[in-house]
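**Q**
Residue numbers (full-length UniProt numbering): 1 to 168.
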């Protein structure tokens, strides 16, 4: 990261090579089109260039990039006025009460996610994406050992369940 911040082209090639697939996977998980995925990835790299000297811990660049790609994907969806459809989320919506319940549940989960530790939120959001990321990809994004991903996920889900208090 430091070398990239000093303009080292080889350092940038290494960073782009290491994280571009992950950024594409995150953007695709939001159901974005190919052009929108490209825009999200490009904007994420631009955000890194803009804030490169401001990163407190350059060793956590992968996690920062993953979170930024998620935020850029959501911003793209908001701008387009679309919502990501829930695939396989149970029975088809058949009436207004289903819509209200779904929105209520989504709001409760969203609020609960905001109260758990940020690292847990990042991990759970990476797991929730589609296409599914591998443990190795999540490990790289969060810069944690592959063997720690599963146990950490279990602890994070426990945090989330406590916050939801019986709603899930």
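Ideal Cβ placement from N, Cα and C applies to all residues, glycine included.
Could I get the ranges of all uninterrupted alpha helix (DSSP H) runs contained in the stretch 104-151, with 4 residues as the minimum, in chain order?
**A** 118-128 and 135-142
**Q** How many Å lie between residue 34 and residue 65 at the Cα?
**A** Cα-Cα distance, rounded: 19 Å.
**Q** Which one of 117, 109 and 68 has the shortest CA to CA distance from residue 155?
**A** 117
**Q** Around the Cβ of residue 26, are there at least 16 other Cβ atoms within 10 angstroms (buried) or fewer (exposed)?
**A** buried
**Q** If distances are taken between C-alpha atoms only, which option among 44, 80 and 13 comes closest to residue 31?
**A** Here the closest residue by C-alpha is 80.
**Q** Are the CB atoms of residue 123 and residue 152 nearer to each other than 8 Å?
**A** yes
**Q** Taking the alpha-carbon of residue 112 as reference, which of 40, 162 and 141 has the nearest alpha-carbon?
**A** 162
**Q** How is residue 42 classed by DSSP in three states: helix, strand or coil?
**A** helix
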